[in-house]
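S.K.: Protein chains in written order, with numbering that gives the first Met the number 0: chain A, 0 to 412; chain B, 0 to 412.
Every residue gets a Cβ at the ideal spot worked out from N, C-alpha and C, and that includes glycine.
Number of protein chains: 2
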Amino acid sequence: MPTSRDDRVSAPEIDPPHRLLMGPGPINADPRVLRAMSAGLVGQYDPAMTGYMAETQQLYRGVFRTANDATLLVDGTSRAGIEAILVSLLAPGDRVLVPVFGRFGHLLAEIAERCGAEVHTVEREWGTVFTPEEIEAALDRVRPKLLAIVQGDTSTTMCQPLAELGALCRARGVLFYSDITASLGGNPFEMDAWGLDAASAGLQKCLGGPSGSSPVSLSDAAVAVIRGRRHIEAGIREDDDEATGTRIASNYFDLGMILDYWGPRRLNHHTEATSMLYGARECARLLLAEGMDAAIARHALHGAAMTAGLVALGLELFGDQRHTMHNVVAVYIPDGVNGDAVRAGLLRDFAIEIGTSFGPLHGKVWRIGTMGYNARHDTVLLTLAALEHVLRAAGTNPTPGAGVAAAKEVYAR
Amino acid sequence: MPTSRDDRVSAPEIDPPHRLLMGPGPINADPRVLRAMSAGLVGQYDPAMTGYMAETQQLYRGVFRTANDATLLVDGTSRAGIEAILVSLLAPGDRVLVPVFGRFGHLLAEIAERCGAEVHTVEREWGTVFTPEEIEAALDRVRPKLLAIVQGDTSTTMCQPLAELGALCRARGVLFYSDITASLGGNPFEMDAWGLDAASAGLQKCLGGPSGSSPVSLSDAAVAVIRGRRHIEAGIREDDDEATGTRIASNYFDLGMILDYWGPRRLNHHTEATSMLYGARECARLLLAEGMDAAIARHALHGAAMTAGLVALGLELFGDQRHTMHNVVAVYIPDGVNGDAVRAGLLRDFAIEIGTSFGPLHGKVWRIGTMGYNARHDTVLLTLAALEHVLRAAGTNPTPGAGVAAAKEVYAR
């Protein structure tokens with residue numbers, strides 16, 4: 000058979016430029032994670048594969064600090080994990096309370112609306128977090144089935160305290176879900192001790208991997224709700240598999256079927272994204288080898304050094320500093336400075352990427368991350384050194400050397 | 000901060016055993032695809048990243064043989080692409096016709112049901128395909144908005160002819176969608192010439208990659224339906240972005256929003272799974288460098304050699320041989336032979352994996368694939384040589400050397 004000429008769409012071999020990704024994520028993946036992802040594939044039901052799946056579950060129990068049997072990966076980006084949890088827990092008409100303090104709170108509300116849930120939001124100014132009393136009052140007013148709240152909202156860099164919310168939910172029979180994508184691994188998180196029923200994450204922030212796999216965990220109470228809506232696909236259903244409850248309005252995100260695939264029954268659902276599973280496993284393995292507390296302390300240290308350096312360069316911090324994440328800091332773009340031009344200059348001259356933000360903060364702040372593989376002293380000092388030059392070129396007057404010196408002072412403590 | 004002991008969940012470095020994956024997929028990924036996936040990450044809006052996205056779109060236009068601007072990746076396994084297309088095209092109450100000739104037809108019907116569509120199926124015995132006349136009669140009876148049909152159903156190895164269906168749909172104002180995951184790259188497919196409005200695929204079959212990314216393409220007519228249901232997320236919405244139509248019941252799978260992310264507006268949706276994108280790009284790049292016609296001819300050759308070898312080993316072919324895919328063949332498990340024991344023996348002694356099937360064919364047939372990176376003469380001859388030994392151990396009486404000889408005869412032609 001001849002090869003037709005129109006097939007000849009040519010593209011060169013992949014060869015991305017080097018970048019130091021110091022924005023709000025994704026960040027540079029740990030090279031060990033990328034190497035793990037290049038391991039050869041095995042079959043879906045190969046004992047090696049099911050063994051890796053079971054190990055991955057156990058590793059993420061360690062990362063989430065939970066004993067939940069139902070701890071697994073959803074094959075997609077972090078928002079796939081969010082949608083899987085919301086569509087599996089919320090039936091049409093169910094009431095859900097979503098406290099919103101940034102873009103990703105809006106996202107939870109929007110996904111819950113698409114599930115047909117009755118969505119109630121309470122809002123806080125971007126740059127602040129909720130008090131437990133505010134959440135408690137909203138729970139009493141709305142009486143929801145589910146509380147859905149982001150832990151770390153990268154759009155504002157705020158970290159919502161969750162420790163007291165579990166008891167409030169438990170006392171009212173409310174399920175408690177948090178999206179911990181931006182915060183996990185860099186800030187304290189205790190799934191069981193804090194009483195969460197569901198949590199979802201991603202690899203591309205403090206876990207040091209690429210986007211594309213979403214670790215999730217579900218309490219027994221959450222699993223019971225999902226099992227109450229169980230349906231098995233025609234084509235692999237057996238006669239005694241009875242359908243119950245309101246069917247989940249997604250096949251791909253039906254956590255009941257995904258649990259059957261990851262569980263002892265190994266019922267075929269999707270074809271597991273093996274390379275992403277290898278990567279997710281390596282992210283958790285490296286984090287636990289370091290120790291969760293040590294990893295969080297590392298993020299706190301490098302975050303503090305970056306923050307001190309930015310302040311010393313004359314930049315003003317955004318948001319309630321008592322409640323920022325360790326792994327990303329936002330600063331106001333100085334008056335008269337073109338924020339996008341500064342970011343472009345950093346990328347062009349120094350191959351360093353930092354971020355701006357969304358919605359009300361778009362063009363008003365820069366967001367600078369120190370997370371995962373990039374939570375290191377060299378990345379902090381390089382970023383501050385380069386930023387000093389770009390800020391000066393943009394017409395501000397930073398004290399020469401002040402940013403790097405302030406960061407070094409934090410390291411010297 | 001001390002490291003608590005309970006963090007110390009240990010797992011060894013990833014080190015999967017070598018396997019030759021000769022089942023219905025996933026198969027061994029091309030090492031070049033895995034190497035491409037280990038390239039360093041760049042930021043989501045880095046010119047290098049948006050350049051790779053645009054190249055990936057152009058490459059898949061070549062693979063799908065389409066001029067569709069709306070050609071992109073859905074971040075998830077192949078079933079993510081199916082669900083994205085069905086939930087984006089079908090509003091609750093819309094009528095859809097799903098001709099079912101295997102497990103994956105049932106899957107299309109089940110996903111469409113979860114979208115709230117009015118699903119009409121016609122069924123064919125597993126091992127056969129539909130005639131255009133049968134589809135035409137069903138279209139006239141059901142008068143659907145959408146025809147959804149699998150091209151290659153791996154559960155049966157059948158390849159449904161699609162070439163004549165586009166005109167039938169066009170004449171009736173019906174949208175035409177096919178899931179081409181199992182067949183693409185190994186069998187002819189002509190998106191535009193055959194008049195398809197939507198198609199979705201995966202990497203883990205003839206494309207030679209790992210599962211986890213789903214290339215999809217949409218005609219202008221399909222895009223118009225999706226644009227009629229456009230909603231932009233609160234949090235990134237601007238004042239003049241008006242909502243229209245019945246909102247798509249998924250955020251993650253809202254192809255309108257995904258198009259805005261891949262299109263010139265670059266509106267943030269998910270964080271693109273960069274490593275999977277690198278892999279998907281490499282799959283298409285390698286396929287087009289070989290030439291689509293050459294790749295299909297390669298699959299036809301090795302499929303024919305494998306089929307001849309299996310027959311020469313005394314195995315009976317399953318299904319209508321005029322309509323099998325080039326890349327996977329099913330044979331009946333001989334009477335008195337324990338099919339799972341043979342598969343386990345092949346895996347244990349020779350590290351070769353073959354498959355069984357689902358539903359009515361479970362335990363009745365073996366499925367043996369020759370696809371993607373594994374569509375090679377060495378893999379065919381090794382599999383036939385090993386199978387001869389295992390069949391003999393299972394009590395059948397294959398003629399010594401007959402399988403390998405028959406395959407070699409095909410190659411010698």
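In this structure, how does DSSP classify A/Val128 when only helix, strand and coil are distinguished?
M.R.: In this structure, A/Val128 counts as coil in the three-state DSSP scheme.
S.K.: Given that a residue counts as buried once 16 or more other Cβ atoms are within 10 Å of its Cβ, and exposed if not, what is A/Gly165?
M.R.: A/Gly165 is buried by the Cβ-count criterion.
S.K.: Pick from B/Leu183, B/Glu109, B/Ala69 and B/His301: whose alpha carbon is nearest that of B/Lys407?
M.R.: With distances taken between Cα atoms, B/Lys407 lies closest to B/His301.
S.K.: Could you list which residues in chain A have their beta carbon closer than 7 Å to that of B/Ala47, in chain order?
M.R.: Going along chain A in sequence order, the residues near B/Ala47 (Cβ under 7 Å) are Pro15 and Pro16.
S.K.: Which bits of chain A does B/His269 rub up against, with CB to CB less than 7 Å?
M.R.: Result: Thr76 and Arg78.
S.K.: Output the residue ranges of the beta strand (DSSP E) runs that lie fully inside the segment 130-194 of chain B and measure 3 residues or longer, sorted by chain position.
M.R.: Entirely contained in the segment 130-194 of chain B, the beta strand (DSSP E) runs reaching 3 residues are, in chain order, 145-149 and 174-178.
S.K.: Alpha carbon to alpha carbon, what distance is there between B/Ser218 and B/Gly61?
M.R.: One C-alpha to the other measures close to 15 Å.
S.K.: What are the start and end residues of the beta strand (DSSP E) that includes A/Ile367?
M.R.: From DSSP, the beta strand (DSSP E) with A/Ile367 extends over Val364 to Gly368.
S.K.: Counting along the chain, where does the alpha helix (DSSP H) carrying B/His459 start and finish?
M.R.: Given a span of 0 to 412 for chain B in the structure shown, any question on residue 459 of chain B remains unanswerable.
S.K.: Are the Cβ atoms of A/Arg347 and A/Leu58 separated by less than 8 Å?
M.R.: Cβ atoms of A/Arg347 and A/Leu58: not closer than 8 Å.
S.K.: Starting from the Cα of B/Val327, find the closest Cα among B/Cys158, B/Leu85, B/Met275 and B/Ala116 and give me that residue.
M.R.: When only C-alpha atoms are compared, the closest one is B/Cys158.
S.K.: Determine the burial state of A/Thr369: buried for a count of at least 16 other Cβ atoms within 10 Å of its Cβ, exposed for fewer.
M.R.: That one is buried.
S.K.: In the DSSP assignment, the beta strand (DSSP E) including B/Thr59 goes from what residue to what residue?
M.R.: In the sequence under discussion, the amino acid at residue 59 of chain B is Tyr, which differs from the Thr named in the question. Taken as a continuous stretch (DSSP letters only), B/Tyr59 belongs to no beta strand (DSSP E), being part of the alpha helix (DSSP H) at Pro46 to Phe63.
S.K.: Skipping 5 residues on each side, what residues in its chain have a beta carbon closer than 8 Å to that of B/Glu117?
M.R.: Answer for B/Glu117: Gly92, Asp93, Arg94 and Val95, listed in chain order.
S.K.: Could you give the uninterrupted runs of the beta strand (DSSP E) lying entirely in the segment 313-360 of chain A, keeping only those of 3 residues or more?
M.R.: 327-331, all fully within the segment 313-360 of chain A.
S.K.: If A/Asp178 and A/Phe100 are in contact, beta carbons under 8 Å, what's the gap, nearest whole angstrom?
M.R.: Contact doesn't hold; Cβ gap of about 12 Å is too wide.
S.K.: List the endpoints of the continuous alpha helix (DSSP H) containing A/Leu89.
M.R.: Here A/Leu89 belongs to no alpha helix (DSSP H), and DSSP marks it neither H nor E.
S.K.: Where does A/Pro263 sit, in a helix, a strand or coil, going by DSSP?
M.R.: DSSP places A/Pro263 in coil when its eight states are reduced to three.
S.K.: Compare the C-beta of B/Ile110 with all C-beta atoms of chain A and state if any pair is closer than 8 Å.
M.R.: Yes, B/Ile110 counts as interfacial toward chain A.
S.K.: Using a Cβ-Cβ distance under 8 Å, would A/Ala69 count as near chain B?
M.R.: No, A/Ala69 does not count as interfacial toward chain B.
S.K.: For B/Pro214, count the other beta carbons within 10 Å of its own beta carbon; 16 or more makes it buried, fewer makes it exposed. Which is it?
M.R.: Flag for B/Pro214 reads buried.
S.K.: My assumption, with CB atoms under 8 Å, is that B/Leu389 sits in contact with B/Gly344. Please give the rounded CB distance.
M.R.: The amino acid at residue 389 of chain B is misidentified as Leu; the sequence shows Val. Between B/Gly344 and B/Val389 the Cβ distance is about 5 Å, and since that is below 8 Å, they are a contact.
S.K.: Just to confirm before moving on: does the CB-CB distance between A/Val149 and A/Leu107 stay below 8 Å?
M.R.: Cβ atoms of A/Val149 and A/Leu107: closer than 8 Å.
S.K.: Which value, in whole angstroms, describes the spacing of the CA atoms of A/Asp292 and B/Tyr372?
M.R.: The alpha-carbon atoms of A/Asp292 and B/Tyr372 are separated by roughly 44 Å.
S.K.: Does the beta carbon of B/Ser414 come closer than 8 Å to any beta carbon on chain A?
M.R.: What the structure shows of chain B is the stretch from 0 to 412, and residue 414 of chain B is not part of that stretch, so it cannot be assessed.
S.K.: Quick check: is the beta carbon of B/Ala272 nearer than 8 Å to any beta carbon in chain A?
M.R.: Output row for B/Ala272: interface = yes.
S.K.: Check the C-beta distance from B/Pro397 over to B/Gly313 and give it rounded, since I have them as a contact under 8 Å.
M.R.: That pair is a contact at about 5 Å.
S.K.: Assuming B/Arg94 is part of the beta strand (DSSP E), what are its boundary residues?
M.R.: Arg94 to Val99 is the extent of the beta strand (DSSP E) around B/Arg94.
S.K.: With a 10 Å radius around its C-beta and 16 neighbouring C-beta atoms as the bar for buried, classify A/Gly75 as buried or exposed.
M.R.: Buried, by the Cβ-count rule.
S.K.: At the level of alpha carbons, what is the spacing between B/Asp191 and A/Ser199?
M.R.: C-alpha separation (whole angstroms): 40 Å.
S.K.: Report yes if the CB atom of B/Ala272 is closer than 8 Å to the CB atom of B/Ser212, and no otherwise.
M.R.: Their beta carbons are under 8 Å apart, which means B/Ala272 touches B/Ser212 by this criterion.
S.K.: Closest to B/Leu202 by C-alpha separation, out of A/Leu386, A/Leu381 and A/Leu40, would be which residue?
M.R.: Answer by Cα proximity: A/Leu40.
S.K.: Along chain B, in chain order, which residues have C-beta atoms closer than 9 Å to that of A/Met275?
M.R.: Chain B residues near A/Met275: Pro209, Ser210, Gly211, Ala272, Ser274 and Met275.
S.K.: Apart from the five residues on each side of it in sequence, which residues of its chain come closer than 7 Å, Cβ to Cβ, to A/Val32?
M.R.: Once the five neighbours on either side are set aside, the close Cβ partners of A/Val32 are Gly207, Gly208, Gly278, Glu281 and Cys282.
S.K.: In the structure shown, what three-state DSSP assignment does A/Val41 receive?
M.R.: Coil at A/Val41, not helix or strand.
S.K.: Tell me where the alpha helix (DSSP H) around B/Pro470 begins and ends.
M.R.: Any question about residue 470 of chain B goes unanswered here, given that chain B covers just 0 to 412.
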